[in-house]
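Asker:
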Amino acid sequence: MTILVTGGTGYIGSHTVLALLEAGKDVVVLDNLSNSSEESLRRVEELTGKKVAFHAVDLTDAEGLDALFAAHDFSSVIHFAGLKAVGESSAIPLEYYYRNVAGTINLLRAMDAHDVRSIVFSSSATVYGEHNPVPYIEKMEIGASNPYGRTKEQIEDILSDLAASDERWSVALLRYFNPVGAHPSGRIGEDPQGIPNNLVPFIAQVAVGRREKLMVFGGDYETPDGTCLRDYIHVVDLAEGHLAALNHIEPRAGVFRWNLGSGRGSSVLEVLRSFERAVGHELPYEIVARRQGDLPAFWADASSALADLGWSTTKSLDEMCEDHWRWQKNNPNGYTA
Ligand code: NAD
Ligand code: UFG
Numbered sequence: 023m024t025i026l027v028t029g030g031t032g033y034i035g036s037h038t039v040l041a042l043l044e045a046g047k048d049v050v051v052l053d054n055l056s057n058s059s060e061e062s063l064r065r066v067e068e069l070t071g072k073k074v075a076f077h078a079v080d081l082t083d084a085e086g087l088d089a090l091f092a093a094h095d096f097s098s099v100i101h102f103a104g105l106k107a108v109g110e111s112s113a114i115p116l117e118y119y120y121r122n123v124a125g126t127i128n129l130l131r132a133m134d135a136h137d138v139r140s141i142v143f144s145s146s147a148t149v150y151g152e153h154n155p156v157p158y159i160e161k162m163e164i165g166a167s168n169p170y171g172r173t174k175e176q177i178e179d180i181l182s183d184l185a186a187s188d189e190r191w192s193v194a195l196l197r198y199f200n201p202v203g204a205h206p207s208g209r210i211g212e213d214p215q216g217i218p219n220n221l222v223p224f225i226a227q228v229a230v231g232r233r234e235k236l237m238v239f240g241g242d243y244e245t246p247d248g249t250c251l252r253d254y255i256h257v258v259d260l261a262e263g264h265l266a267a268l269n270h271i272e273p274r275a276g277v278f279r280w281n282l283g284s285g286r287g288s289s290v291l292e293v294l295r296s297f298e299r300a301v302g303h304e305l306p307y308e309i310v311a312r313r314q315g316d317l318p319a320f321w322a323d324a325s326s327a328l329a330d331l332g333w334s335t336t337k338s339l340d341e342m343c344e345d346h347w348r349w350q351k352n353n354p355n356g357y358t359a
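Residues 23 to 359 (the numbering used here) are what the sequence shown spells out, left to right.
This is the structure in structure tokens:
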């Protein structure tokens, strides 16, 4: 029995493929390589000594998906593939709804047609929107405030409706907080295209000399140091969360929602200081205007994942930054070096 990992050449996908292989699972990866490189899988193979079958298929290619399901005996799917840039999603919403929502419907139709009804889905803390108090709890009413977040919310709804219509479905909706870090080997990590949107990849590119300085978006929030608080989670902890979720849902029907976060918030300046400790010197930064759409502070209530899955984060912010820095230093241009 084999697990299909969509988006498995990407950042979180490649770390999860590694964790699955280390747990003795067989894995097939689907990706259209729009935001990743097959090199990540070659390195996962090198780290694990195991082979991973790769198929370059787009989620919008229903025939390609059907052929893939016909060729393999999948037991379950971990579904990472999709577009993920919040800002870009407001500029090209149709592309986001098409790739993320229509693409997922194609995937679910292929799964159903081939009797594969167990899925772990990459949702996001962004589904909690702007109206909920922190920390976020799974039972809160969701309502995203940008097109990217709405694609996640719509997919959550589709999966919930599907499971309600047919009790053979097992669904895990994993709401990730802020994944950072890299495998401690420094061989795989996050390789953003163009200017990084996210904090830690940006700091890493400043540290390696690809960017002049960090722009800290807003220093006048009502937080202890005036900068935003987020719940950062090491990507290796996040990958382990997928295994725990998969093991939990495979023998059970229904829909399960879990926050995957550490349960604590760190400020932008705390992250910068931690990264500086990893690098060994100070890094240039400037406090600039707030970024539109940023919330002052949010973090997870991570108690459900602990209670249900026995999973919690194990790695500190310093370990996230040390591992992220090792990856960036050893691969200054990512996988294209
Ligand atoms: P990523 O871009 O590294 O990985 C996504 C992968 O999906 C890429 O390899 C890309 O090439 C592939 N892909 C995109 N559209 C596709 C399509 N139509 N068909 C086939 N493949 C396609 O991103 P990531 O950070 O690893 O994120 C993985 C998932 O987790 C995404 O669904 C993302 O929305 C979600 N997520 C990420 C974060 C984060 O901060 N990184 C936070 C919350 C949720
Ligand atoms: N930040 C800066 N400078 C930068 C980049 C970010 O100061 O160059 C700040 C942001 O203002 C924010 C914090 O660093 O306060 C974290 O920003 P990120 O862009 O790294 O992360 P977000 O919390 O904004 O967004 C992330 C994911 C989204 C997801 C969201 C909620 O990127 O996909 O978490 O889960 F929707």
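Even for Gly, the Cβ is constructed at its ideal location relative to N, Cα and C.
1. Just the C-alpha distance for R348 and V293, rounded to the nearest angstrom, thanks.
2. Specify whether the stretch 317 to 327 and the stretch 178 to 186 touch according to this definition: at least 3 beta carbon pairs, one from each stretch, less than 8 Å apart.
3. Look up S296 in the DSSP assignment and say whether it is helix, strand or coil.
4. Within the present structure, is the beta-carbon of A17 separated from the nearest heavy atom of the ligand UFG by less than 8 Å?
5. What first and last residue would you give for the beta strand (DSSP E) that runs through Y118?
6. Measuring CB to CB, does V99 end up less than 9 Å from L26?
7. Please report the straight-line C-alpha distance between M237 and F224, rounded to a whole angstrom.
8. Between which two residues does the alpha helix (DSSP H) harbouring A103 extend?
9. Helix, strand or coil for R64, going by three-state DSSP, please let me know.
10. Give the DSSP-derived three-state secondary structure of H264 in the structure shown.
11. Quick one: give me the first and last residue of the beta strand (DSSP E) that D53 is part of.
12. Determine the extent of the alpha helix (DSSP H) in which I364 is found, giving its start and end residues.
13. Ignore the nearest five residues each way along the sequence and tell me which others in P214's own chain have a CB closer than 7 Å to its CB.
14. Determine the direct distance from the alpha carbon of G287 to that of A166, and round the result to whole angstroms.
15. Could you say which of R121, F96, S97 lies nearest to A107 if we only look at CA atoms?
16. Is DSSP giving I141 helix, strand or coil here?
17. The beta strand (DSSP E) spanning P201 covers which residue range?
18. On the three-state DSSP scale, how would you describe A324?
19. Along the alpha helix (DSSP H) that carries Y158, what are the first and last residues, could you check?
20. So, helix, strand or coil for G30, using DSSP?
21. Within 8 Å: the Cβ of N269 and any heavy atom of the ligand UFG?
22. So is P214 in contact with chain D if we call contact Cβ pairs under 9 Å?
23. Is any heavy atom of the ligand UFG found at a distance shorter than 8 Å from the C-beta of T335?
24. Can you pull every residue whose C-beta falls closer than 5 Å to some heavy atom of the ligand NAD, listed in chain order?
25. Would you report the Cα separation of D316 and V228, rounded to the nearest angstrom?
26. Is C250 near the ligand UFG, in the sense that its beta carbon is under 8 Å from a heavy atom of that ligand?
27. For a minimum of 4 consecutive residues, which ranges assigned as the alpha helix (DSSP H) are wholly contained in the stretch 213 to 275?
28. Relative to the C-alpha of R252, which candidate in L221, D242, R233 has its C-alpha closest?
29. Using a Cβ-Cβ cutoff of less than 7 Å, which residues in the same chain neighbour L328 once the five nearest sequence positions on both sides are dropped?
30. When DSSP labels each residue in this structure, what does R348 get in the three-state scheme?
31. Please identify the residue among L291, D95, E189, L129 whose C-alpha is closest to the C-alpha of D242.
32. If contacts are defined as beta-carbon pairs under 8 Å, then G203 and H256 qualify, I think. What distance do you get, rounded to the angstrom?
33. Identify which residue in P169, E298, L282, N352 has its Cα closest to the Cα of G332.
34. So E85 is in the alpha helix (DSSP H); what residue range does that whole segment cover?
35. Which of the three DSSP states, helix, strand or coil, is assigned to N122?
Answerer: Based on what the coordinates show:
1. Distance between the alpha carbons of R348 and V293: 16 Å.
2. No: fewer than three Cβ pairs fall under 8 Å.
3. DSSP places S296 in helix when its eight states are reduced to three.
4. There is simply no residue 17 to check, as the chain begins at 23 and stops at 359 in what is shown.
5. No beta strand (DSSP E) contains Y118, which is instead part of the alpha helix (DSSP H) from 115 to 118.
6. yes
7. 9 Å
8. Careful: A103 lies outside any alpha helix (DSSP H) and carries neither H nor E.
9. helix
10. helix
11. First-last of the beta strand (DSSP E) with D53: 48 to 53.
12. This structure leaves residue 364 out entirely; the chain is present only between 23 and 359.
13. P223
14. 20 Å
15. R121
16. strand
17. Segment 200 to 202, the beta strand (DSSP E) holding P201.
18. coil
19. Neither: Y158 is in no alpha helix (DSSP H) and is coded neither H nor E.
20. The answer is coil: DSSP assigns G30 none of H, G, I, E or B.
21. no
22. The structure shown contains no chain D; it holds only a single protein chain.
23. no
24. G29, T31, G32, Y33, I34, D53, N54, S56, N57, S58, D80, L81, F102, A103, G104, K106, R121, G125, S144, S146, Y198, P201
25. Rounded to the nearest angstrom, the two C-alpha atoms are 22 Å apart.
26. yes
27. The DSSP assignment places complete alpha helix (DSSP H) segments of no fewer than 4 residues inside the stretch 213 to 275 at 221 to 229, 257 to 271, in order along the chain.
28. L221
29. Closer than 7 Å at the Cβ level, and outside the excluded window around L328, lie S334.
30. helix
31. L291
32. Indeed, because the Cβ distance is near 4 Å, the residues count as touching under 8 Å.
33. L282
34. 84 to 93
35. helix
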